[in-house]
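Residue numbers (the UniProt record's numbering): 1 to 257.
Here a beta-carbon is modelled for each residue, glycine too, at the ideal position from N, C-alpha and C.
Computed from a predicted structure; not experimentally measured.
The structure appears right after this line, and notes come after that.
Written out as structure tokens, the structure reads:
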């Protein structure tokens, strides 16, 4: 059985050097800082063989051994963040017991602890961000930071400019409350269909499809083209790329990191 909270760990807490243990765990992909704090107080975390159950401990993640539930976690001072173009008929998950295509089939096993920041429904395509930085993921997905998402929606019917104006100005009532679009503009249309650019920060499930369905314009095709400052660009469907340092810095800034 591990020892309780050594003097060495106490020294890290008392100094201002090092990183708070719950932040290290969050960055390693174990969930939000609050969840990681619970892991610590539940007695699941060891530092250099000593059980840590009190919050506030500071550690050197590159030189100290940190274990969760007995398994050592490997910390890198460099995280990877990916932009992936999800095709239709691919699940926004890493595994599926039914054997359907998932994000894992696109990124493979090259990156340890990589996970997706948010989801797209089965029939929606476009940009998904993935990372092994748990803290970044929590900020991107948290409603507090209101990260804008941009979509191109092809809908049935001929939408007038007044409809877009109403969706931005007053919104529409759904079964889980009122919702407004941040931006709405018509890109192209004919007698039967309209192509609309939508910007919205809400993370509610299937929100774009539900908004247009509620006003009688069912969505027949939906592509997410941008999340915060990160654009899909010319990335081909079913492929991914590593974000540049400038893109990662812009994303950090957008979510208050």
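Tell me residue i's beta-bridge partners as DSSP assigns them.
i, result
"residue 115", "131"
"residue 125", "223"
"residue 188", "195"
"residue 183", "199"
"residue 156", "193"
"residue 145", "BP columns for residue 145 are empty, so no partner."
"residue 55", "Paired residues: none, contrary to the question."
"residue 267", "Because the chain spans 1 through 257 in this model, residue 267 falls outside it and cannot be assessed."
"residue 178", "173"
"residue 231", "226"
"residue 93", "Bridge partners of residue 93: none, in fact."
"residue 248", "DSSP output for residue 248 lists no bridge partner at all."
"residue 19", "59"
One question on the structure: do residue i and residue j come within less than 7 Å of each other, judged by their Cβ atoms?
i, j, result
"residue 58", "residue 149", "no"
"residue 254", "residue 198", "no"
"residue 89", "residue 120", "no"
"residue 227", "residue 127", "yes"
"residue 33", "residue 26", "yes"
"residue 242", "residue 82", "yes"
"residue 155", "residue 92", "no"
"residue 117", "residue 103", "no"
"residue 259", "residue 229", "For residue 259 there is no data in the structure shown, the boundaries of the chain being 1 and 257."
"residue 240", "residue 107", "yes"
"residue 157", "residue 212", "no"
Buried or exposed for residue i, please, with buried defined as at least 16 other CB atoms from any protein chain shown within 10 angstroms of its CB.
i, result
"residue 140", "buried"
"residue 15", "Low local confidence applies: a pLDDT of 42 at residue 15 is under 50, so the model's placement there is unreliable, with the coordinate-based value given in what follows. Residue 15 comes out exposed."
"residue 162", "exposed"
"residue 125", "buried"
"residue 71", "exposed"
"residue 246", "exposed"
"residue 12", "With a pLDDT of 42 at residue 12, under the threshold of 50, the predicted position of this residue should be treated as unreliable, though the coordinate-derived value follows. Buried, since its Cβ has 16 or more Cβ neighbours within 10 Å."
"residue 339", "What is shown of the chain runs 1 to 257, which leaves residue 339 out entirely."
"residue 37", "buried"
"residue 263", "Since the displayed the chain opens at 1 and closes at 257, residue 263 lies outside it and no answer follows."
"residue 99", "exposed"
"residue 134", "buried"
"residue 22", "buried"
"residue 173", "exposed"
"residue 262", "No statement about residue 262 is possible, as the shown extent of the chain runs from 1 to 257 and does not include it."
"residue 8", "Because the pLDDT of residue 8 is 43, which lies under 50, any placement of that residue in the model is unreliable, and the number read from its coordinates should be weighed accordingly. So residue 8 ends up on the exposed side."
"residue 78", "exposed"
"residue 191", "exposed"
Beta strand (DSSP E) containing residue i: first to last residue?
i, result
"residue 40", "Per DSSP, residue 40 belongs to no beta strand (DSSP E); it is in the alpha helix (DSSP H), 33-41."
"residue 47", "45-47"
"residue 73", "Note, residue 73: premise wrong, no beta strand (DSSP E); not H, not E."
"residue 172", "172-174"
"residue 68", "66-68"
"residue 236", "Unbroken run through residue 236: none, as it is neither H nor E."
What residue does the alpha helix (DSSP H) around residue i start on, and which one ends it?
i, result
"residue 162", "161-169"
"residue 104", "104-107"
"residue 209", "207-214"
"residue 28", "Run containing residue 28: none; DSSP gives neither H nor E here."
Do we get a CB-CB distance below 7 Å when we pair residue i with the residues of chain D?
i, result
"residue 193", "No chain D is part of this structure, which consists of one protein chain only."
- Query: Are the stretch 189-203 and the stretch 139-159 in contact at 8 Å, needing three or more beta carbon pairs?
  - Reply: By the C-beta criterion, the stretch 189-203 is judged to be in contact with the stretch 139-159, since at least 3 inter-stretch pairs fall below 8 Å.
- Task: Indicate whether the contact test is met: 3 or more Cβ pairs, each with one atom in the stretch 36-53 and one in the stretch 62-71, closer than 8 Å.
- Result: As far as the Cβ criterion goes, the stretch 36-53 touches the stretch 62-71, which means the pair count is three or higher.
- Query: With a cut-off of 8 Å, do at least 3 Cβ pairs link the stretch 106-115 to the stretch 128-137?
  - Reply: Flag = yes, the stretch 106-115 and the stretch 128-137 touch.
- Could you say if the stretch 184-192 and the stretch 163-171 meet the contact criterion of at least three C-beta pairs nearer than 8 Å? Pairwise C-beta distances place the stretch 184-192 in contact with the stretch 163-171, as three or more of them are shorter than 8 Å.
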